[in-house]
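> Questions regarding the structure given below will be posed in turn.
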Ligand SMILES: Cc1ncc(C[n+]2csc(CCOP(=O)(O)OP(=O)(O)O)c2C)c(N)n1
Ligand SMILES: Cc1ncc(C[n+]2csc(CCOP(=O)(O)OP(=O)(O)O)c2C)c(N)n1
Ligand SMILES: [Mg+2]
Ligand SMILES: [Mg+2]
């Protein structure tokens with residue numbers, strides 16, 4: 019999307035990049051507004067929209083009551099009514115209170131109306147664990163939404179993507195869910211001065227490698243990158259594929275990397291059973307059956323409600339060492 | 019569970035068997051009560067509890083207001099308070115309104131309380147399509163719950179199971195969800211006179227075969243049985259595995275049948291991406307990698323909100339011919 | 005309750021009264037034909053008839069302006085017709101044909117029409133309320149004077165979405181008219197078994213909404229209430245709530261043994277049905293006689309027969325198109 | 005608002021008044037220590053302090069009988085202590101140790117104790133309400149006289165679960181006391197930005213609940229209100245709602261810049277804080293002097309130090325036990 023000339027880069031946090039994206043959207047299109055709990059006076063529970071209320075005013079930066087179902091549903095109605103709402107749900111855990119609106123309404127109207135009523139709604143949610151917030155604040159439930167036809171599910175892991183996906187999501191005529199991992203907000207990355215919209219179709223190889231593919235998304239991307247470094251020190255070149263979009267999955271990129279390395283590890287902070295890791299495994303199994311010498315490895319959250327205590331939370335979530343171990347296992351053919 | 023003497027059998031509908039199970043539970047344990055929308059005066063939306071109000075009275079057959087979140091949550095509280103509630107949610111589609119209570123509360127309390135507060139709650143829901151009820155009444159969302167640690171998910175497909183699973187679920191100290199496919203209620207089957215509780219641990223082979231395994235559950239079981247008949251006429255002996263329980267999955271039975279036939283077709287009325295079919299494929303891939311000559315086939319719902327028009331609904335849901343075709347494909351190695 | 009023989013007040017325009025009657029009659033006959041088509045198997049799935057409640061939708065629709073949106077439930081054929089969706093398109097929809105207003109994908113419970121801003125046909129009880137609130141929010145932010153008309157049954161008032169929606173609409177002073185069709189039953193659950201407070205207006209008032217209760221069997225009353233609501237909402241006074249007290253003469257859907265109410269109770273209400281009563285008043289006012297009635301019936305019957313023929317002649321959508329409309333076809 | 009120097013009424017037992025004061029003080033000092041432990045990194049995650057609101061929990065707990073259940077929120081350390089969960093177990097929980105009341109799995113937001121029927125520690129706003137209703141249903145069906153005490157913030161009242169729960173409790177006449185801790189903010193959202201009707205008792209009354217509003221900074225008032233509620237609920241009069249008007253002196257959690265209110269506003273409320281005011285009244289009544297106060301402070305400080313030591317010395321649960329308690333260990 020950028021020109022091929024050398025681009026000036028700057029360091030920026032994920033939070034700041036998310037904020038720039040929102041700022042740009044609010045500035046460029048007067049149909050865009052932001053609504054959710056504490057997006058205004060409080061500045062956003064993860065401080066992403068700090069100062070927006072003052073800049074854009076209370077009509078466009080709308081603090082809502084604690085009413086997830088109503089304000090998500092209101093987002094649907096406003097989208098149908100010609101606006102381009104960005105609804106923020108504090109965490110995916112609370113979004114279960116709005117699951118009816120998202121799944122039974124936002125995802126169905128276009129189809130049930132025979133193509134007449136599209137819902138250009140963007141919903142942002144924080145997801146993931148790692149801050150010792152325990153079982154009602156730490157789950158990675160993006161899986162559930164990735165199962166639903168009619169929705170698109172984005173998981174920006176880089177500053178470039180969190181900066182660029184929003185504009186594309188807003189231009190999309192259909193409901194798009196954007197999941198931001200809570201551990202990413204303080205993370206820094208390099209962003210081109212002229213960074214703008216990015217595609218929301220394709221997975222992206224974040225590191226080239228030949229021996230094993232680490233397939234992941236969101237917060238786990240950086241664990242995979244770290245694992246790849248460690249593996250490199252041991253002579254194993256891991257390719258890291260960032261899915262970027264969980265629905266629709268980019269099969270082509272998945273199959274390409276697996277066909278190249280013949281070994282795959284899927285890393286997902288969601289629970290293993292019935293998670294996105296299962297779907298990716300199934301697609302590899304179906305579409306690259308003869309490419310693998312050994313089965314795909316899955317490194318996922320242990321199937322427990324995420325506990326508070328740090329050592330237990332760490333044990334429950336995928337960690338770098340596990341990824342390294344899984345990669346070595348598929349590369350070496352044994353533990 | 020039954021004695022080994024020859025047992026007298028009788029023909030019974032699934033509805034009647036479900037009803038007997040409820041009747042027995044209400045009769046045997048005064049802690050048991052039934053609550054949900056229209057379970058009383060109306061007789062249950064699928065007429066399962068017809069006459070119960072008169073027999074057990076309004077204290078134990080509780081018509082609730084349209085408040086899925088509150089009455090499911092009240093089931094949780096009542097279970098903690100020493101009762102054994104059976105909560106009926108009319109269809110799994112409406113259960114999204116109670117998803118918060120089921121996923122954030124029922125599934126987490128035991129763990130978050132360090133093992134102190136268990137939730138012996140049974141929730142029954144209708145699921146599935148096939149009656150031209152369109153996108154807000156026809157989805158098979160049991161998948162979503164099968165992803166959640168802390169829940170058990172049962173899918174009785176036979177009169178024996180719908181008769182026998184309830185008692186076992188009620189004896190279970192933890193939350194159990196029972197999904198009844200809407201097309202089964204009128205289906206007849208043979209039930210032992212003395213039929214009683216059945217296990218809720220193991221999948222069951224419903225038809226022995228050697229050439230291919232059809233792995234399925236719920237309403238799709240009967241499509242698989244029919245497909246198996248047709249295949250038999252063409253010389254292909256299909257083994258039909260009824261999963262019975264979607265969480266926890268019975269890996270042993272899955273791997274056993276696949277190790278026997280070396281070919282598998284998974285049939286699920288849920289959508290393909292991220293459905294239970296993906297998890298089963300992944301487990302076969304992981305645990306029986308060298309057993310298969312060809313990848314597992316998945317016959318699932320097409321990824322659309324289920325449409326009203328009959329021909330489109332039929333096209334969206336798995337059909338016998340598709341199962342036959344998929345089985346032949348894995349058996350013959352080509353279409 | 006209006007006495008059958010009472011003539012219309014002088015303030016009512018006779019022409020207009022006849023229009024109202026005709027609209028109600030058209031809905032009634034359409035519903036009767038739908039039931040017939042259901043028994044013949046042309047219509048499938050769930051079918052929720054509006055018979056007995058015609059005065060509500062008819063009264064409301066008189067105040068619905070072109071720029072307004074209507075958000076309805078699964079019992080919405082009447083509203084769809086009254087809003088102006090062609091009868092052919094509604095019948096074809098229920099037949100599952102491509103010529104249907106939702107291309108046959110929605111069926112009876114999911115009638116949609118973008119042209120008249122008829123935003124469904126939502127079969128999740130309470131599910132339409134937040135959508136209507138959002139539509140009103142858009143209308144307000146865009147500076148139009150559109151109103152969102154949100155129609156739901158009294159059963160929906162127990163749902164959390166009712167509570168959240170009314171609060172949001174009032175808090176943000178949005179132009180929504182909440183139209184509660186209180187037919188006293190939610191499937192088999194009588195109002196007093198579903199609400200601790202059965203005076204529904206009190207519930208709406210507890211969010212500080214302007215609220216009124218009206219006789220939903222009297223089309224003049226429903227029309228007047230809707231007009232007050234429209235004026236209020238359109239002129240920036242925020243949301244408005246109307247409880248229309250009415251009654252469903254038929255079963256909840258076609259799968260209902262009606263064990264929860266007596267035949268006598270139903271009969272009693274039928275005696276005061278909206279068509280019967282209004283017809284008598286029109287006669288008493290000299291506006292309707294047997295000939296006129298026969299003419300109306302014939303016109304409506306002809307339209308309905310044509311609609312059935314249209315629906316029957318309709319084309320099933322090609323199966324190859326199954327996966328259309330999961331996502332929009334025009335992508336940016 | 006009570007003037008600081010007003011002595012206690014004669015009807016109040018001096019001993020008891022001192023107990024109330026001591027309980028509040030114990031909670032306050034515990035919270036202060038928790039904040040300190042948070043800065044030191046011994047407590048992690050979210051930490052929601054109850055400072056400023058102590059009179060509410062203290063007043064309530066006087067009427068909570070052994071057979072009763074308490075369902076609370078994430079701001080529940082005070083309630084847990086007042087209910088009788090040993091301070092050691094609470095502190096150890098926040099340290100994430102096995103000796104914690106939830107074995108370190110719940111943390112600050114999920115304190116549980118089966119023995120005292122303290123059923124969480126629910127961090128989903130509004131999530132505890134249906135659970136409390138269900139507990140009360142069980143109590144009623146089993147014929148006990150137990151009451152379910154349901155504690156939540158005013159922010160929860162906008163959630164659909166509030167609406168559904170109050171309706172169900174009243175409809176079925178269940179023994180629940182709904183205790184709304186109205187501290188006028190839900191994170192950064194002031195009450196009048198979240199509720200179109202800010203007179204919260206009116207909302208409860210719209211479901212026909214008995215409801216009252218009390219000064220939540222005055223422990224005698226909160227105690228009296230809770231007693232009225234308990235008597236009513238326990239004697240079969242159905243649910244009861246109390247709005248306790250209070251104020252949170254500290255940030256919402258440890259991640260809050262408090263941009264939504266002024267320091268002056270906070271200061272103003274601190275001047276009328278529940279401890280400060282009640283201490284002054286106790287002094288005015290001759291029940292508390294500097295010596296007595298010092299003794300109390302010392303006793304509490306000692307208990308808290310011991311709790312910190314206990315928590316520090318606690319053992320992390322073995323990682324091998326991670327998957328315990330997903331399902332019950334004893335299966336039928
Ligand atoms: C959330 C939800 N729960 C349950 C149902 C099943 N259901 C369909 S209609 C209905 C009764 C609704 O009654 P009411 O709102 O009064 O409308 P009416 O049918 O009387 O017009 C019920 C329980 C549903 N469609 N959605
Ligand atoms: C369903 C849900 N939505 C949002 C949140 C995030 N959140 C946690 S506490 C809180 C404010 C709650 O305010 P209130 O109910 O008044 O209680 P207080 O914190 O003032 O005691 C919010 C928005 C949550 N935990 N649950
Ligand atoms: Mg009704
Ligand atoms: Mg508050």
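Chains as they are written, first to last, in the working numbering: chain A, 19 to 353; chain B, 19 to 353; chain C, 5 to 336; chain D, 5 to 336. Note that the Cβ used here is the ideal one computed from N, Cα and C, for glycine as well.
1. Do residue 188 (chain A) and residue 90 (chain A) have their beta-carbon atoms positioned less than 8 angstroms apart in this structure?
2. Hey, out of D:18, D:14, D:30, D:168, whose CA is closest to residue 306 (chain D)'s CA?
3. For a cutoff of 8 angstroms on Cβ pairs, would you count residue 2 (chain D) as touching chain B?
4. Within 10 angstroms of its Cβ, does residue 212 (chain A) collect 16 or more other Cβ (buried), or is it exposed?
5. What is the C-beta distance between residue 126 (chain B) and residue 88 (chain A), in whole angstroms, given that I count them as a contact (C-beta under 8 angstroms)?
6. 8 angstroms is my cut-off, CB to CB: does residue 211 (chain D) come that close to chain B?
7. Return yes when the C-beta of residue 282 (chain B) is under 7 angstroms from any heavy atom of ligand 4, and no when it is not.
8. Could you please give the first and the last residue of the uninterrupted beta strand (DSSP E) stretch that includes residue 240 (chain A)?
9. Taking 8 angstroms as the threshold (C-beta atoms), are residue 168 (chain D) and residue 186 (chain D) in contact?
10. From this set, B:232, B:101, B:106, which residue's C-alpha is nearest residue 145 (chain D)'s C-alpha?
11. Could you work out which residue in B:80, B:155, B:46 is closest to residue 57 (chain B) when comparing CA atoms only?
12. Going by the CB atoms, is the gap between residue 172 (chain C) and residue 83 (chain A) shorter than 8 angstroms?
13. Give the secondary structure of residue 166 (chain D) by DSSP, where H, G and I count as helix, E and B as strand, and everything else as coil.
14. Is the Cβ of residue 234 (chain B) closer than 8 angstroms to any Cβ of chain A?
15. Closer than 7 angstroms: is that where the CB of residue 387 (chain C) sits relative to any heavy atom of ligand 3?
16. Closer than 7 angstroms by C-beta to residue 341 (chain B): which residues in its own chain qualify, once you throw out the five before and the five after it? Chain order, please.
17. Taking 6 angstroms as the limit between beta carbons, can you name the residues of its chain near residue 98 (chain D), skipping five residues before and five after?
18. With 16 as the cutoff for other CB atoms within 10 Å, does residue 228 (chain A) come out buried or exposed?
19. Counting along the chain, where does the beta strand (DSSP E) carrying residue 103 (chain A) start and finish?
20. Flag this pair as touching only if the stretch 141 to 156 of chain A and the stretch 301 to 318 of chain A have three or more C-beta atom pairs under 8 angstroms; answer yes or no.
21. For the stretch 46 to 64 of chain C, list every residue whose C-beta sits within 7 angstroms of some C-beta in chain A, in sequence order.
22. Applying the 10 Å Cβ sphere with the 16-neighbour rule, what's the burial state of residue 141 (chain D)?
23. How would you list, in chain order, the residues of chain B whose beta-carbon sits under 7 angstroms from the beta-carbon of residue 322 (chain A)?
24. When we look at the beta-carbon of residue 275 (chain D) and count the other beta-carbons within 10 Å, is it buried (16 or more) or exposed?
25. The alpha helix (DSSP H) with residue 91 (chain B) in it runs from where to where?
26. Looking at ligand 2, does it come within less than 7 angstroms of residue 99 (chain C), judged from the CB to the closest heavy atom?
27. I want to check one thing, is the minimum distance from the CB of residue 157 (chain D) to the heavy atoms of ligand 2 below 7 angstroms?
28. Cβ of residue 35 (chain D) within 8 angstroms of Cβ of residue 252 (chain D)?
29. What does residue 195 (chain A) pair with, by DSSP beta-bridge criteria?
30. Give the secondary structure of residue 5 (chain C) by DSSP, where H, G and I count as helix, E and B as strand, and everything else as coil.
31. Taking buried to mean at least 16 other C-beta atoms within 10 Å of its own C-beta, is residue 291 (chain A) buried or exposed?
32. Per DSSP, residue 183 (chain A) is paired with what?
33. With a threshold of 7 angstroms, establish whether the CB of residue 168 (chain D) neighbours any heavy atom of ligand 2.
34. Around the Cβ of residue 352 (chain A), are there at least 16 other Cβ atoms within 10 angstroms (buried) or fewer (exposed)?
35. Does the beta-carbon of residue 23 (chain C) have 16 or more other beta-carbons within 10 angstroms, so that it is buried, or is it exposed?
36. Is it true that the stretch 200 to 212 of chain A meets the stretch 330 to 345 of chain A, where meeting means three or more beta-carbon pairs spaced less than 8 angstroms apart?
Considering the structure as presented:
1. Here residue 90 (chain A) corresponds to residue number 72 of the first chain, with the count starting at 1. Here residue 188 (chain A) corresponds to residue number 170 of the first chain, with the count starting at 1. No, Cβ-Cβ distance for residue 90 (chain A) and residue 188 (chain A) is not below 8 angstroms.
2. Against the fourth chain, residue 306 (chain D) aligns to sequence position 302. The option with the nearest alpha carbon to residue 306 (chain D) is D:30.
3. Since the first residue shown for chain D is 5 and the last is 336, residue 2 (chain D) is missing from the structure and cannot be characterised.
4. Position 194 of the first chain, counting from 1, holds the residue named residue 212 (chain A). The residue is exposed, with fewer than 16 neighbouring Cβ atoms inside 10 Å.
5. Sequence index remark: in the second chain, residue 126 (chain B) carries index 108 (1-based). Sequence index remark: in the first chain, residue 88 (chain A) carries index 70 (1-based). So it is not a contact: roughly 25 angstroms between Cβ atoms.
6. Counted from its first residue, the fourth chain places residue 211 (chain D) at position 207. By this cut-off, residue 211 (chain D) is not an interface position.
7. For this step, residue 282 (chain B) is matched to residue 264 along the second chain. Distances between the C-beta of residue 282 (chain B) and the heavy atoms of ligand 4 are all 7 angstroms or more.
8. On the first chain, residue 240 (chain A) is found 222 positions in, with the first residue counted as 1. Careful: residue 240 (chain A) lies outside any beta strand (DSSP E), inside the alpha helix (DSSP H) at 238 to 251.
9. As a working mapping, residue 186 (chain D) is identified with position 182 in the fourth chain. As a working mapping, residue 168 (chain D) is identified with position 164 in the fourth chain. Contact flag unset, no.
10. Residue 145 (chain D) sits at position 141 when you count from the first residue of the fourth chain. In terms of Cα proximity to residue 145 (chain D), the closest of B:232, B:101, B:106 is B:101.
11. By one-based count along the second chain, residue 57 (chain B) stands at place 39. With distances taken between Cα atoms, residue 57 (chain B) lies closest to B:80.
12. Against the first chain, residue 83 (chain A) aligns to sequence position 65. Against the third chain, residue 172 (chain C) aligns to sequence position 168. Contact flag set, yes.
13. Position 162 of the fourth chain, counting from 1, holds the residue named residue 166 (chain D). Three-state result, residue 166 (chain D): helix.
14. On the second chain, position 216 is the one that residue 234 (chain B) refers to. For residue 234 (chain B), no CB of chain A lies under 8 angstroms from its own CB, so it is not counted at the interface with that chain.
15. Nothing can be reported for residue 387 (chain C), as the shown portion of chain C is limited to 5 through 336.
16. Along the second chain, read from residue 1 onward, the residue named residue 341 (chain B) stands at position 323. Excluding sequence neighbours, residue 341 (chain B) sits near 232, 241, 242, 245, 283, 285, 317.
17. Residue 98 (chain D) sits at position 94 when you count from the first residue of the fourth chain. Here the set comprises 47, 112.
18. Position 210 of the first chain, counted from the start, is the residue given in the question as residue 228 (chain A). Classification of residue 228 (chain A): exposed, given that the 10 Å Cβ count is below 16.
19. Against the first chain, residue 103 (chain A) aligns to sequence position 85. 102 to 109 is the span of the beta strand (DSSP E), which, as asked, contains residue 103 (chain A).
20. Contact between the stretch 141 to 156 of chain A and the stretch 301 to 318 of chain A is absent: fewer than 3 CB-CB pairs across the two stretches fall below 8 angstroms.
21. From the stretch 46 to 64 of chain C, no residue has a Cβ closer than 7 angstroms to chain A.
22. Along the fourth chain, one-based indexing puts residue 141 (chain D) at 137. By the neighbour-count rule (16 or more Cβ atoms within 10 Å), residue 141 (chain D) is buried.
23. Working through the first chain from its first residue, we reach residue 322 (chain A) at position 304. Neighbours of residue 322 (chain A) on chain B, chain order: 129, 167.
24. Start at 1 with the first residue of the fourth chain, and residue 275 (chain D) comes out as number 271. Residue 275 (chain D) is exposed by the Cβ-count criterion.
25. Counting from 1 along the second chain, the entry for residue 91 (chain B) is found at position 73. Per DSSP, residue 91 (chain B) belongs to the alpha helix (DSSP H) from 86 to 98.
26. Looking up residue 99 (chain C) in the third chain gives position 95. False, no ligand heavy atom lies under 7 angstroms from that Cβ.
27. Working through the fourth chain from its first residue, we reach residue 157 (chain D) at position 153. Result yes, Cβ under 7 angstroms from ligand 2.
28. What you label residue 35 (chain D) is simply residue 31 of the fourth chain in a count that begins at 1. What you label residue 252 (chain D) is simply residue 248 of the fourth chain in a count that begins at 1. Using a Cβ distance threshold of 8 angstroms, residue 35 (chain D) and residue 252 (chain D) do not count as a contacting pair.
29. Numbered from its first residue, the first chain carries residue 195 (chain A) at position 177. In the DSSP output, where bridge partners are listed per residue, residue 195 (chain A) has A:141, A:171.
30. Taking the third chain and counting its residues from 1, one reaches residue 5 (chain C) at position 1. For residue 5 (chain C), the predicted structure reports a pLDDT of 45, less than 50, and the residue's modelled location is therefore unreliable. A value from the coordinates is still provided. Of the three classes helix, strand and coil, the one that applies to residue 5 (chain C) here is coil, per DSSP.
31. For the purposes of this step, residue 291 (chain A) is taken as the residue at position 273 of the first chain. Buried: at least 16 other Cβ atoms inside 10 Å.
32. Residue numbering aside, residue 183 (chain A) sits at position 165 when the first chain is read from its first letter. Answer by DSSP bridge pairing: none, since residue 183 (chain A) is not bridged.
33. The residue given as residue 168 (chain D) occupies position 164 in the fourth chain. Not so, every heavy atom of ligand 2 lies at least 7 angstroms from the Cβ.
34. Locating residue 352 (chain A) in the first chain gives position 334, counting from the first residue. Its Cβ having fewer than 16 others within 10 Å, residue 352 (chain A) is exposed.
35. Along the third chain, read from residue 1 onward, the residue named residue 23 (chain C) stands at position 19. Exposed: under 16 other Cβ atoms inside 10 Å.
36. Cβ pair count under 8 angstroms is below three, so no.
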